[in-house]
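Each remark here refers to the structure printed beneath this line.
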Amino acid sequence: MKAGIHPENYRVVAFKDMSNDDVFLTKSTADTSETIEVDGVEYPLVKLEISRTSHPYYTGKSKLVDTAGRIDKFKNKYAKFKK
């Protein structure tokens, strides 16, 4: 294995799923300026739109998360072609 190609700044980081407020801890090199307190300890925070606790593949539930209004925009755009 080549020496010096792997990052040295691994640390425990909290990832928060914004769709269901689930928080999990793992090691990461992700840069972030926000922090969150978990079990009395402060960790760097990375916010996620979707994670294993909200993705339909892992949960087995069909849940549509439309944060940008893309579905409404599509329906409005193509409503004139409806018969």
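Quick note on numbering: the sequence shown equals residues -7 to 75 in the numbering used here. Think of the CB as a built atom: it goes at the ideal place given N, C-alpha and C, for glycine as much as any other residue.
Inset, instruction - Decide if Tyr35 is buried, meaning its Cβ has at least 16 other Cβ atoms within 10 Å, or exposed. - result: buried
Legend entry - C-alpha distance - Ile63 paired with Phe16, whole-angstrom precision: 30 Å
Inset, instruction - Mind checking which residues open and close the beta strand (DSSP E) that includes Ile28? - result: 27 to 30
Inset, instruction - Specify, as a first and last residue, the run of the alpha helix (DSSP H) that Tyr2 falls within. - result: From DSSP, Tyr2 is part of no alpha helix (DSSP H); its letter is neither H nor E.
Inset, instruction - Assuming Ala22 and Val5 form a contact by the criterion Cβ under 8 Å, report the distance between their Cβ atoms to the nearest whole angstrom. - result: 6 Å
Legend entry - Cα-Cα separation, Asp13 to Leu40: Going by the C-alpha atoms only, they are around 10 Å apart.
Inset, instruction - Pick helix, strand or coil for Lys67, following the three-state DSSP scheme. - result: helix
Inset, instruction - Return the CA-CA distance between Ser11 and Lys(-6), expressed in angstroms with no decimal places. - result: 40 Å
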